[in-house]
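Below you'll find the structure, written out as structure tokens, and then a few comments.
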Amino acid sequence: MDDEATRQSYVDEMFKNIVGATIEEVRVLSDAEIAEMDWQGDPHLAYTLYLSNGLALTPSRDEEGNGPGHLIIEGTEVDVNQLFPDGIGPDHLSYEEACNQASDAQGITAIRGVLSEAGIESVVEQAGGLTMVAYVCGENGVSIGLTAEGAYLYTSDEEEGEELAVWGDGSYVLRPEDLELLVATVRANLPRLGL
42 MDDEATRQSY VDEMFKNIVG ATIEEVRVLS DAEIAEMDWQ GDPHLAYTLY
92 LSNGLALTPS RDEEGNGPGH LIIEGTEVDV NQLFPDGIGP DHLSYEEACN
142 QASDAQGITA IRGVLSEAGI ESVVEQAGGL TMVAYVCGEN GVSIGLTAEG
192 AYLYTSDEEE GEELAVWGDG SYVLRPEDLE LLVATVRANL PRLGL
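What follows is the structure, given as structure tokens:
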């Protein structure tokens, strides 16, 4: 799907059954439905839009259904803050609270803690959805992105980072040896950041 016409043709075919339908109901998924989707513990709000033609739309973060997704609602006549005020979502989390919860769950809080203990400043940013990444940023536009899976070096003109090290077992639980490798990797690469 390299060109706009091909992408539009794909979208036309994929969504032809919902064009002209109206939304009749929007309902939060029940705990049982969330469990059926294997989305327990995800900080995103899971909901379904029920259409007049009998179809139901449940936003997903990707086509594989790896977690609940979000619809971006645009319009010059609508105040989006009135539609989605802070406090909406599981346990009535604000956006900041959801990001903090995601950081804790993804090991980012532990990463930032060990970096701070080592005297290394870091920031946390949202990489997509509620995927969080800790960054050690250089003055030269180079940064190191750190997750529970590894470290990547980014220059200002790269989208794909250079893999510096990998650790962990994919569970977001960092072992002491993972944290030691993380700090050693960052320290070894500080000159590349101009620090």
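Residue numbering for the sequence shown is 42 to 236, as defined by the working numbering.
We treat Cβ as the ideally placed atom computed from N, Cα and C, and that holds for glycine.
Straight through space, the alpha carbons of Ala143 and Asp83 are spaced by roughly 8 angstroms. DSSP, read as helix, strand or coil, puts Pro109 in strand. Within its own chain, the residues whose Cβ lies closer than 7 angstroms to the Cβ of Ala189, once the five positions on either side in sequence are excluded, are Gln147, Gly148, Gly209, Tyr213, Leu215, listed in chain order. Taken through DSSP and simplified to helix, strand or coil, Ile161 comes out as coil. DSSP places Gly191 within a strand segment (E or B) once states are collapsed to three.
When only Cα atoms are considered, Ser50 and Asp43 end up about 12 angstroms apart. In the structure shown, the three-state DSSP call for Gly154 is helix. In this structure, Leu187 sits away from Leu220, with a CB-CB distance that is not shorter than 8 angstroms. Of Gly95, Asp53, Val155, Val174, the smallest CA-CA separation from Ala62 is found for Gly95. Secondary-structure assignment with DSSP links Cys178 through a beta bridge to Ser184. DSSP places Ile64 within a strand segment (E or B) once states are collapsed to three. Here the C-alpha atom of Asp103 lies approximately 10 angstroms from the C-alpha atom of His111.
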